[in-house]
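> Each number in this note's numbering comes from the position in the sequence shown (counting from 1) with 887 added on. First the structure, then my questions, so here it is.
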Amino acid sequence: MFRVGVGYDAHRLVKGRKLILGGMEVPFEKGLEGHSDADVLCHAIMDAILGAAGLGDIGQMFPDDDPAFKGVSSLGLLYTLVEYCRRKRKVRIVNVDATVVAQRPKLAPYILQMRAILSKAMGIPPERVSVKATTTEGMGFTGTGEGMAAYAVVMIEEEEPEEVGGDGRRPVTSGY
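What follows is the structure in structure tokens.
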């Protein structure tokens, strides 16, 4: 069965932190504030995966009040989540479509590398990972440079358990 999830994340930009997006450092004078490395792109993708799999959200899976996740790599969390879904839930990622919303820095030079990094972490070909960047033309918290946001849509394929009949041996048929 195919399922779709939507994810969103936003973080404030602050001085004194590295800017991590899509699992890589992007040169900029500010970074995203958060308990982990605050990678909004990875966070949005994780929330989309969790939603599609019916597993809640990133805050439930990786709580921001848990010291174990202080400063942790969001790319590492993404890999952990995908492996959990693959092994325990028999779910595989089909494709990802994500958009980062930021006025600055310009992200076009980094998109291909982000796609390669994310696809490797999720175990899917890069052509199944779309990463785009856009601005809000100076409007809102992303437009004023106060923060960044990301949206993601993920399609997963869930292995369907085989249904058995009352005797436990034959598949159930619907009769249609």
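Note that CB positions come from ideal geometry on N, CA and C, so glycine has one too.
1) Assuming contact is defined by CB atoms lying nearer than 8 Å, are residue 983 and residue 928 in contact in what I supplied?
2) Counting pairs of Cβ atoms below 8 Å between the stretch 954 to 969 and the stretch 898 to 905, do you hit three or more?
3) Using only CA atoms, which one of 906, 995 and 1041 lies nearest to residue 1016?
4) Please say whether residue 985 and residue 1037 have beta carbons closer to each other than 8 Å?
5) How many angstroms separate the CA atom of residue 945 from the CA atom of residue 976?
6) Tell me the DSSP secondary structure of residue 1017 in three-state form.
7) DSSP has residue 898 in a bridge; who is on the other side?
Walking through what the data contain:
1) no
2) Not touching, per the Cβ criterion.
3) 1041
4) Cβ atoms of residue 1037 and residue 985: closer than 8 Å.
5) Near 17 Å, if we compare the C-alpha coordinates of residue 976 and residue 945.
6) It is a strand residue.
7) 1035
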